[in-house]
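Undergrad: Take a look at the following structure, please.
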Amino acid sequence: MPAHRSKSERHGSSKQLLRDPYEVLGVSKNSTDQEIKSAYRKLALKYHPDKNANDPQAADMFKEAAFSYNILSDPDKRRQYDTAGFKAVESESQDLELDLSSLGAVNTMFAALFSKLGVPIKTAVSATVLEEALNGAVLIHPLPLEQPVRRKVDKQCAHFYSVSITEEEARSGFVCRVQSSDKNKFKLLYFDQVENGGYSLALQEDSAKTGKLTSAGMYFLGFPVYRLDQASNSMAAAKDPDMAFFKKLEAFQPCEVSELKAGTHVFAVYGDNFFKSASYTIEALCASQFTAEKENLRAVETQILSKRVELSKFETEYREVLQQFTEMTSRYAQEMRAIDELLKQRNEIHASYAVAPPMKRSGSRSKNRSASKDAKDDDQVREKKSSTRDRPKKKKWYNIHLKVDKRKPC
């Protein structure tokens, strides 16, 4: 009969089975974010549970790929792993992406409930949509420049669009933006064409709340444009607000693609709501008429990069001052308790200078009882006097009025 292993032993053995994330995804340590994403998506598509329903080995491979991608796609976690391995990464709190199309109704309901409560839920594009795109089995609608299209996409489904740009438009820059006035959740996707005529997911932007709507955009302006991962920051904020503030700009990373070549490009809008469809407006623009905006964007993002360096230095100063403040606050509380205790001892010593026994004070209950008794007696005397005063006077017999006939006798 095999011996039972303790929980710690099982946990230790599971840690030993963890493979190098770079090895799992088949990429080198110098790989770019785009190469890591492409490698993960290929593995996720190959081992997805929807395609391998009765294959536990494929399910394990899918989880391992998702776990590895979660580490390498986060700049902070990747740096920690490169420095000290798995020990530096909080493996117990890895936030995996959920494919809502593969969840049951109950699990989807729970995920929606947690999202409403403020728990960040990272979602992935449905494996069915990715496989159809990879096989070229998707319907693609043309999207003319500067002609917005308003539509509604079902949950966990996608609408595909093709945009054709010239050499001049490619040099001037190109922008694709999607927004929803109903604040629906969606993803803006960009696909590369593969050899078999299908399309492979290359870029992804999740919608974010901006004022009274949700929006997402891709900017191909010929110079490095940065993106801010709102999901990772909201997860960090849920764990530690201070840490979230100082790590906020670490998710400010350059986009993988900064320019597009002349030709036809494929974008898609993916419905990311839990239960209902998403209404949206998509628009493709040539940036030639937005020269001032391009320069302003470049200048602002340069300032943000400078601020990220300043924030790193400020964090060190803040932690030192916070440590001092914590120590001073603790000492303040200790000193306050010590002083109160000394004053209490002093009062007790003062009270001990007495020969006569302390007088017993009547309790408040007896005082209240005697006071209520006196008040009751006063009320009874008052009632007696008033009853005596209000009683009608009886006429005595000698006060009876007698009628006398004064007529003279005949």
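For the sequence shown, UniProt numbering begins at 1 and goes up steadily by one.
Every residue, glycine too, gets a C-beta built ideally from N, C-alpha and C.
Can you grab the Cα-Cα spacing for the pair GLU315 / ALA133, in whole Å?
TA: Rounded to whole angstroms, GLU315 to ALA133 spans 45 Å at the Cα level.
Undergrad: So what does DSSP say about PHE114, is it helix, strand or coil?
TA: Residue confidence for PHE114 is low, a pLDDT of 48 falling below 50, so the modelled location carries little weight; the figure read from the coordinates is stated next. If DSSP states are grouped into helix, strand and coil, PHE114 belongs with the helices.
Undergrad: Apart from the five residues on each side of it in sequence, which residues of its chain come closer than 8 Å, Cβ to Cβ, to ARG308?
TA: Closer than 8 Å at Cβ, skipping near neighbours: LEU249, GLU250 and PHE252.
Undergrad: Compute the Euclidean distance between the alpha carbons of VAL138 and PHE160, then round it to the nearest angstrom.
TA: So the alpha carbons of these two residues sit roughly 7 Å apart.
Undergrad: Smallest Cα separation from GLU256: which of TYR190, ARG319 and GLU169?
TA: For GLU256, the nearest C-alpha among the options comes from TYR190.
Undergrad: Can you say whether GLN323 is buried or exposed, counting buried as having 16 or more other CB atoms within 10 angstroms of its CB?
TA: By the 10 Å Cβ count, GLN323 comes out exposed.
Undergrad: If you compare alpha carbons, which of THR214, TYR199 and SER200 is closest to ASP206?
TA: Cα-wise, what sits closest to ASP206 is THR214.
Undergrad: Is the distance from the Cβ of ILE36 to the Cβ of VAL27 below 8 Å?
TA: The answer is yes: Cβ separation under 8 Å.
Undergrad: Assign ALA354 to buried or exposed, taking buried as 16 or more other Cβ atoms, counted over all protein chains shown, within 10 Å of its Cβ.
TA: So ALA354 counts as exposed.
Undergrad: How do the stretch 284-294 and the stretch 163-176 stand: do at least 3 beta-carbon pairs fall below 8 Å, yes or no?
TA: Yes, they touch.
Undergrad: If you drop the 5 nearest sequence neighbours on each side, which residues of the same chain put their C-beta closer than 6 Å to that of ALA268?
TA: These residues qualify, in order along the chain: ALA158, PHE160 and LEU189.
Undergrad: Can you confirm whether the stretch 179-186 touches the stretch 265-283 when touching is taken to mean that 3 or more C-beta pairs between the two stretches lie within less than 8 Å?
TA: Verdict: yes, contact present.
Undergrad: So for LEU18, helix, strand or coil by DSSP?
TA: If DSSP states are grouped into helix, strand and coil, LEU18 belongs with coil.
Undergrad: Taking the C-alpha atoms as reference points, what is the distance between PHE67 and GLU168?
TA: Taking the straight line joining both Cα atoms gives about 43 Å.
Undergrad: In the DSSP assignment, what are the bridge partners of GLU132?
TA: Looking at the DSSP assignment, GLU132 forms no beta bridge with any residue, so it has no partner.
Undergrad: Within the same chain, show all residues whose beta-carbon is closer than 7 Å to that of residue 412, passing over the 5 residues directly before and after it, in chain order.
TA: This structure leaves residue 412 out entirely; the chain is present only between 1 and 410.
Undergrad: Quick one: which unbroken alpha helix (DSSP H) runs of 4-plus residues sit fully inside the stretch 187-258? Chain order, please.
TA: 230-239 and 241-247, all fully within the stretch 187-258.
Undergrad: From what residue to what residue does the alpha helix (DSSP H) around ALA137 run?
TA: Counting along the chain, ALA137 falls outside any alpha helix (DSSP H), and DSSP gives it neither H nor E.
Undergrad: Using three-state DSSP, classify HIS48 as helix, strand or coil.
TA: Three-state result, HIS48: coil.
Undergrad: Quick one: which unbroken beta strand (DSSP E) runs of 3-plus residues sit fully inside the stretch 290-331? Chain order, please.
TA: Entirely contained in the stretch 290-331, not one beta strand (DSSP E) run reaches 3 residues.
Undergrad: From this set, TYR69, LYS155, SER330 and VAL178, which residue's C-alpha is nearest ARG19's C-alpha?
TA: Nearest C-alpha to ARG19: TYR69.
Undergrad: Pull up the distance between the alpha-carbon of ARG259 and that of PHE223, whole angstroms please.
TA: Strictly speaking, residue 259 in this sequence is Glu, with Arg absent from that position. Each residue's alpha carbon lies about 7 Å from the other.
Undergrad: Give the secondary structure of GLU335 by DSSP, where H, G and I count as helix, E and B as strand, and everything else as coil.
TA: Helix at GLU335.
Undergrad: Is VAL178 helix, strand or coil when you go by DSSP?
TA: Three-state DSSP puts VAL178 in a strand.
Undergrad: On the DSSP letters alone, give me the boundaries of the alpha helix (DSSP H) that GLU283 sits inside.
TA: Not the alpha helix (DSSP H): GLU283 falls in the beta strand (DSSP E), residues 278-286.
Undergrad: I'd like to know whether the C-beta of TYR47 is nearer than 8 Å to at least one C-beta of chain D.
TA: Although the question refers to chain D, the structure presented lacks it and comprises just one protein chain.
Undergrad: Between the Cα of TYR47 and the Cα atoms of PHE62, PRO56, LYS87 and ARG41, which residue gives the shortest distance?
TA: It is PHE62 whose Cα lies nearest to the Cα of TYR47.
Undergrad: VAL129 and LEU143 look like a contact to me (Cβ under 8 Å); what is the Cβ gap, rounded to whole Å?
TA: Rounded, the Cβ-Cβ distance is 18 Å, inconsistent with contact.
Undergrad: Please report how far the alpha carbon of PRO21 lies from the alpha carbon of ASP60, in whole angstroms.
TA: PRO21 and ASP60: Cα-Cα distance of roughly 14 Å.
Undergrad: Can you round the beta-carbon distance between ILE304 and PRO148 to whole angstroms, since I take them to be within the 8 Å contact cut?
TA: In fact, because the Cβ distance is near 29 Å, the residues do not count as touching under 8 Å.
Undergrad: How would you label TYR270, buried or exposed, when you count the other beta carbons within 10 angstroms and need 16 or more for buried?
TA: So TYR270 counts as buried.
Undergrad: Would you mind stating whether ALA127 and ALA44 have Cβ atoms separated by less than 8 Å?
TA: Yes, Cβ-Cβ distance for ALA127 and ALA44 is below 8 Å.
Undergrad: If you follow the beta strand (DSSP E) that ALA268 is part of, which residue opens it and which one closes it?
TA: 263-271 is the span of the beta strand (DSSP E), which, as asked, contains ALA268.
Undergrad: Does PHE275 come out as helix, strand or coil in the three-state DSSP assignment?
TA: It is coil, neither helix nor strand.
Undergrad: In the structure shown, what three-state DSSP assignment does TYR161 receive?
TA: Looking at TYR161 - three-state DSSP - the assignment turns out to be strand.
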